[in-house]
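Q:
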Amino acid sequence: MICECGQREATIHEVTIQNGAKVERHLCEHCATKLGVSTDPHVPISQLISNYIMGKNLAVPSVGGEDKPKQTKGFAPASAPCISCGMSFKDFKEHGLTGCPSCYESFKARLGPLIARAHEGGEQHIGKVPRRALSSLSDMTDSKRLENLIGGASEREQRLEHVRAQLAAAVRHEDYEHAALLRDEITRIASMPMSKPSAQIEPTSGACEPTTTRDD
Amino acid sequence: MNANDHGEPDHPSGAEPKAESSHDPAGGDFDPSHTPSRSIEWLKGEGDSSEVVLSSRVRLARNLAGFPFPPYASPSDRAQILEICRRSIDAAGSIENDATMRWIDLREAPPIERRLLVERQIMSRQHDRGRYANGEGGTDSPRGVAVYEPDERVSVLVNEEDHLRLQVIHAGLSLGQCMSEANALDDKIESIVDYAFHPRFGYLTACPTNVGTGLRLSVMVHLPALKITGELEKVRNAANDMGLAVRGIYGEGSQAAGEFYQISNQVTLGKSDEMLLHEIEGQVIPTIVRYEKHARLQLLNDQHVLLEDRVFRSLGILRNARMMQAEESLEHLGLVRLGILMGLVEDIDITRVHALLLQVQPGHLQATLGQRLSQAQRRVARASLIRERLTTT
């Protein structure tokens with residue numbers, strides 16, 4: 001098979017979903033590199049990742065991604081596919097697998113209750129969060145990215161409330177070991193760097209390493 | 217949204233428990249360097265509560281931000297994800313001084329090598345086949361596994377259901393140790409790539425049943441006495457009520473041959489890593505260990521003849537049978553293990569029994585003998601190997 005450029009043999013074959021439709025591309029090494037589909041061993045990892053994302057022209061849902069997926073709230077129909085990978089909620093229901101990280105945001109309203117049921121009512125993550133992301137984002141310039149990652153003040157409050165409720169229950173049941181762990185968790189959440197629109201973040205020593213209570 | 221309906225491959229399964237598959241699993245070349253003689257961490261029979269707990273395992277599911285999850289990624293996407301993950305693992309460097317990382321590209325690995333990895337509990341059958349729950353993929357699908365030698369205690373699966381699955385195994389009850397090692401490797405990899413993370417759902421995974429911590433804590437226990445006293449169902453039900461999964465030694469859907477069970481958490485969202493650890497290592501498993509030990513003592517004191525009969529009957533079969541299926545051999549090895557621990561069997565070293573748990577598996581059996589065998593030939597070879605290992609001292 002000949003590459004799109006019509007000059008060389010296509011050695012890289014790619015299938016993507018764009019706007020819900022399957023698009024196949026057949027490329028030679030040269031064009032693939034240009035489009036960010038290369039796996040040249042000399043290209044640094046960060047370059048590989050950004051090549052990929054540029055090549056796909058995807059909305060990046062990520063940890064610290066600047067181009068957060070556009071909110072389609074308000075006018076998107078309930079059956080709208082995931083804005084990044086094009087997967088529909090119907091596809092998800094068929095196999096129980098999401099297509100990409102953005103699916104969680106795209107289908108949040110419908111996934112939320114299903115997830116809570118699978119996790120015995122658990123709705124809010126507590127525990128470890130990506131360490132580097134936190135420490136590199138805990139300065140002011142990255143406050144927006146930080147908010148993407150661990151949420152803003154309201155998410156933090158929600159998380160704290162959730163843990164406090166668990167703590168009260170543990171104390172009621174006289175499960176003091178569990179209660180101690182929950183208290184640690186509250187301290188940990190409270191010590192996480194917070195993105196504030198204008199105020200300075202306290203450069204406390206705990207601010208950069210708050211990802212876990214392990215004493216390693 | 218059933219956690220089990222797509223063969224959740226957490227505690228990788230070994231050989232097909234029931235039907236010792238008739239298609240030959242061990243085609244291809246035999247490489248003696250990968251045969252079972254090396255010391256495998258989970259078969260050491262050491263560590264806390266090792267009379268009851270064979271091994272502890274921690275698995276972290278992680279995905280790269282901005283990339284589709286493997287089941288929905290195109291083959292070329294998977295190839296790029298594989299490259300990025302492999303190099304991140306490489307760049308993360310060694311986990312300790314004497315460990316070296318061996319990378320296995322599963323597209324190129326011969327079937328026998330893949331089979332051995334499955335039997336050694338390093339990867340799932342799903343990863344061996346490369347086939348995802350949505351029907352995508354296949355044996356040529358880009359995927360791999362990084363194994364830290366020499367003891368294979370640490371391994372990372374790439375492009376299984378998630379981009380990265382980090383796992384650490386220790387002998388005995390040692391989940392805390394597993395967790396801190398897994399976290400250390402996780403932090404190293406995360407210093408190179410961005411993980412997909414959501415403020416509410418935590419670490420994002422292909423299957424929503426793994427979101428949150430992405431953490432699976434799993435302990436392999438041996439409960440033969442509770443089986444004999446008829447109390448096993450109670451323990452199973454109690455574990456299920458606590459939201460824990462109880463599976464056979466071979467993982468998902470398998471029978472617990474030899475009364476070896478894997479007990480693991482299912483909830484991963486809404487409880488922190490430490491809470492899950494505390495629940496399982498601090499509460500659930502010690503309780504089960506206590507029950508099993510109590511049942512063993514009860515048998516020894518009140519039903520001594522019954523216990524002896526079960527143990528020596530099994531030993532007799534193992535030492536005399538001329539044909540043996542893998543599942544049957546596990547059943548008897550389980551009872552002989554109990555007999556050794558109870559002081560009834562004195563002329564067999566328990567490490568031989570542990571080693572046999574693996575050596576009787578189809579892939580390892582053929583690798584040990586260095587040749588391909590049909591199912592019927594394997595049964596004969598297995599019986600002969602067991603006789604030899606359990607009679608010579």
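From first to last, the protein sequence lines are chains C and W.
Anchor point for the first sequence: position 186 equals 186 in the working numbering, and the numbering is continuous, going up by one each time.
Numbering-wise, the working numbering comes out as the position in the second sequence, counting from 1, plus 216.
Think of the CB as a built atom: it goes at the ideal place given N, C-alpha and C, for glycine as much as any other residue.
In this text, all values refer to a predicted model and were calculated from it rather than measured experimentally.
Kindly list, in the order they appear in chain W, the residues whose Cβ is closer than 8 Å to that of L181 (chain C).
A: As a working mapping, residue 181 (chain C) is identified with position 181 in the first sequence. The contacting residues are S488, E490, M491, H494.
Q: I'd like the ranges of any alpha helix (DSSP H) spanning at least 4 consecutive residues and lying wholly in the segment 358 to 426 of chain W.
A: For the segment 358 to 426 of chain W, the continuous alpha helix (DSSP H) assignments of 4+ residues that do not extend past its boundaries occur at 391 to 406, in sequence order.
Q: What ranges does the alpha helix (DSSP H) occupy inside the segment 437 to 477 of chain W, keeping only unbroken runs of at least 4 residues that lie completely in it?
A: 440 to 444, 448 to 457
Q: Check whether the Cβ atoms of D438 (chain W) and V576 (chain W) lie closer than 9 Å to each other.
A: Taking the first residue of the second sequence as 1, we reach residue 438 (chain W) at position 222. Taking the first residue of the second sequence as 1, we reach residue 576 (chain W) at position 360. A small fix is needed here, since residue 438 (chain W) is His in this sequence, not Asp. No, these two residues do not count as a Cβ contact at 9 Å.
Q: By the 10 Å Cβ neighbour count, where 16 or more other Cβ atoms means buried, how is A592 (chain W) classified, buried or exposed?
A: Here residue 592 (chain W) corresponds to residue number 376 of the second sequence, with the count starting at 1. With fewer than 16 other Cβ atoms within 10 Å, it is exposed.
Q: Could you tell me the alpha carbon to alpha carbon distance between N375 (chain W) and P358 (chain W), rounded to whole angstroms?
A: Counting from 1 along the second sequence, the entry for residue 375 (chain W) is found at position 159. Counting from 1 along the second sequence, the entry for residue 358 (chain W) is found at position 142. Going from the Cα of N375 (chain W) to the Cα of P358 (chain W) covers about 7 Å.
Q: Do L389 (chain W) and R278 (chain W) have their beta-carbon atoms positioned less than 9 Å apart in this structure?
A: Along the second sequence, read from residue 1 onward, the residue named residue 278 (chain W) stands at position 62. Along the second sequence, read from residue 1 onward, the residue named residue 389 (chain W) stands at position 173. For R278 (chain W) and L389 (chain W), no; Cβs fall outside 9 Å.
Q: L573 (chain W) and L169 (chain W) - do their beta-carbons sit closer together than 9 Å?
A: With chain W running from 217 to 609 in the structure shown, residue 169 (chain W) is simply not present.
Q: Using only alpha-carbon positions, find the residue among W:Y364, W:R345, W:E508, W:A349 that is nearest to D356 (chain W).
A: Counting from 1 along the second sequence, the entry for residue 356 (chain W) is found at position 140. If we check each option's Cα against that of D356 (chain W), W:R345 comes out closest.
Q: May I ask you to list the residues that DSSP assigns as paired with D321 (chain W)?
A: If you number the second sequence from 1, residue 321 (chain W) lands on position 105. DSSP, once it has assigned bridges, lists W:G360 as partnering D321 (chain W).
Q: Can you tell me whether A169 (chain C) is buried or exposed? The criterion is at least 16 other CB atoms within 10 Å of its CB, across all chains shown.
A: As a first step, residue 169 (chain C) is located in the first sequence; it is residue number 169 there, counting from the start. A169 (chain C) comes out exposed.
Q: For R553 (chain W), name the three-state secondary structure that DSSP assigns.
A: Residue 553 (chain W) sits at position 337 when you count from the first residue of the second sequence. Correct three-state label for R553 (chain W): helix.
Q: To which residues of the same chain is E257 (chain W) closer than 8 Å at the C-beta, ignoring the five residues directly before and after it?
A: By 1-based counting over the second sequence, the position of residue 257 (chain W) is 41. Here the set comprises S271, D367, E368, R369, I385, H386, A387.
Q: Closer than 9 Å between beta carbons: that is the criterion. Which residues of the segment 112 to 124 of chain C meet it against chain W?
A: G112, L114, I115, A116, R117, A118, H119, E120, G121, G122, E123, Q124
Q: Spatial neighbours of R568 (chain W) within its chain, please: C-beta separation below 8 Å, excluding the five flanking residues on both sides.
A: Counting from 1 along the second sequence, the entry for residue 568 (chain W) is found at position 352. Excluding sequence neighbours, R568 (chain W) sits near R605, L606.
Q: Please classify E4 (chain C) as buried or exposed, where buried requires at least 16 other C-beta atoms within 10 Å of its C-beta.
A: If you number the first sequence from 1, residue 4 (chain C) lands on position 4. Classification for E4 (chain C): exposed.
Q: Which residue wins for smallest C-alpha separation from G86 (chain C), given the options W:P424, W:A289, W:R463?
A: The count along the first sequence starts at 1 and reaches residue 86 (chain C) at position 86. That would be W:A289, whose Cα lies nearest to the Cα of G86 (chain C).
Q: Where I405 (chain W) and D314 (chain W) are concerned, what is the direct C-alpha to C-alpha distance, given to the nearest angstrom?
A: Numbered from 1 along the second sequence, position 189 holds the residue referred to as residue 405 (chain W). Numbered from 1 along the second sequence, position 98 holds the residue referred to as residue 314 (chain W). The straight-line gap from Cα to Cα measures roughly 19 Å.
Q: Which residues share a DSSP beta bridge with G428 (chain W)?
A: By one-based count along the second sequence, residue 428 (chain W) stands at place 212. DSSP lists W:G418, W:Y419 as partners of G428 (chain W).
Q: How many Å lie between L513 (chain W) and S434 (chain W) at the Cα?
A: Here residue 513 (chain W) is taken as the residue at index 297 of the second sequence, counted from 1. Here residue 434 (chain W) is taken as the residue at index 218 of the second sequence, counted from 1. Whole-angstrom Cα-Cα distance: 26 Å.
Q: Beta carbon of S488 (chain W): closer than 8 Å to some heavy atom of the ligand ZN?
A: Only the bare structure without any ligand can be found here, which leaves the ligand ZN out of the picture.
Q: Looking only at DSSP bridge pairs, what is L276 (chain W) linked to?
A: The sequence position of residue 276 (chain W) within the second sequence is 60, counting from 1. DSSP, once it has assigned bridges, lists W:L382, W:L431 as partnering L276 (chain W).
Q: Would R164 (chain C) pass as a contact of I186 (chain C) if the rule is Cβ separation under 9 Å?
A: Locating residue 164 (chain C) in the first sequence gives position 164, counting from the first residue. Locating residue 186 (chain C) in the first sequence gives position 186, counting from the first residue. Using a Cβ distance threshold of 9 Å, R164 (chain C) and I186 (chain C) count as a contacting pair.
Q: Could you name the residues of chain W that P101 (chain C) contacts, counting a contact when the two beta carbons are closer than 7 Å?
A: Translated into the one-based positions of the first sequence, residue 101 (chain C) becomes position 101. Chain W residues near P101 (chain C): N279, A281, A412, L420.
Q: Of the choices W:Q342, W:L531, W:Q587, whose alpha-carbon is the least far from that of I564 (chain W)?
A: Taking the first residue of the second sequence as position 1, residue 564 (chain W) is located at position 348. Among W:Q342, W:L531, W:Q587, the Cα nearest to that of I564 (chain W) is on W:L531.
Q: Under 8 Å, CB to CB, which of the residues in the segment 297 to 308 of chain W have a partner in chain C?
A: Of all residues in the segment 297 to 308 of chain W, those with a C-beta nearer than 8 Å to a C-beta of chain C are E299, I300, R303, S304, A307, reading in chain order.
Q: Is the shortest distance between the beta-carbon of Y364 (chain W) and the beta-carbons of chain C less than 9 Å?
A: Within the second sequence, the letter at position 148 stands for residue 364 (chain W). No, Y364 (chain W) lies away from the interface with chain C (no Cβ there is under 9 Å from its Cβ).
Q: Please work out which residues of its chain come closer than 6 Å, Cβ to Cβ, to D378 (chain W), disregarding the five sequence neighbours upstream and downstream, and give them in chain order.
A: For this step, residue 378 (chain W) is matched to residue 162 along the second sequence. A277, N279, T421, A422, listed in sequence order.
Q: Would a check of beta-carbon distances place N399 (chain W) closer than 9 Å to chain C?
A: The residue given as residue 399 (chain W) occupies position 183 in the second sequence. Interface residue, yes.
Q: From L534 (chain W) to I602 (chain W), what does the alpha carbon distance come to, in whole angstroms?
A: By 1-based counting over the second sequence, the position of residue 534 (chain W) is 318. By 1-based counting over the second sequence, the position of residue 602 (chain W) is 386. Those two C-alpha atoms are separated by around 6 Å.
Q: Which bits of chain W does I186 (chain C) rub up against, with CB to CB less than 9 Å?
A: Within the first sequence, residue 186 (chain C) is the residue found at index 186, counting from 1. Residues of chain W passing the Cβ test: none, with the nearest at roughly 11 Å.
Q: Given this structure, state the Cα-to-Cα distance separating F417 (chain W) from L493 (chain W), to the nearest angstrom.
A: Walking along the second sequence from the start, residue 417 (chain W) turns up at place 201. Walking along the second sequence from the start, residue 493 (chain W) turns up at place 277. So the two alpha carbons sit approximately 19 Å from each other.
Q: Which same chain residues end up closer than 6 Å to E547 (chain W) when comparing Cβ atoms and leaving out the 5 residues on each side of it in sequence?
A: As a first step, residue 547 (chain W) is located in the second sequence; it is residue number 331 there, counting from the start. Closer than 6 Å at the Cβ level, and outside the excluded window around E547 (chain W), lie A473, G474.
Q: If we define contact as Cβ-Cβ less than 9 Å, is V462 (chain W) a contact residue for chain C?
A: For the purposes of this step, residue 462 (chain W) is taken as the residue at position 246 of the second sequence. No - not a single Cβ of chain C is within 9 Å of the one on V462 (chain W).
Q: So, using beta-carbon positions, are D184 (chain C) and E490 (chain W) closer together than 9 Å?
A: Position 184 of the first sequence, counting from 1, holds the residue named residue 184 (chain C). Position 274 of the second sequence, counting from 1, holds the residue named residue 490 (chain W). Against a cut-off of 9 Å, the Cβ pair of E490 (chain W) and D184 (chain C) comes out as a contact.
Q: Are L380 (chain W) and H343 (chain W) touching if we call contact CB-CB under 9 Å?
A: Indexing the second sequence from 1 puts residue 380 (chain W) at position 164. Indexing the second sequence from 1 puts residue 343 (chain W) at position 127. No, the Cβ-Cβ distance between L380 (chain W) and H343 (chain W) is not below 9 Å.
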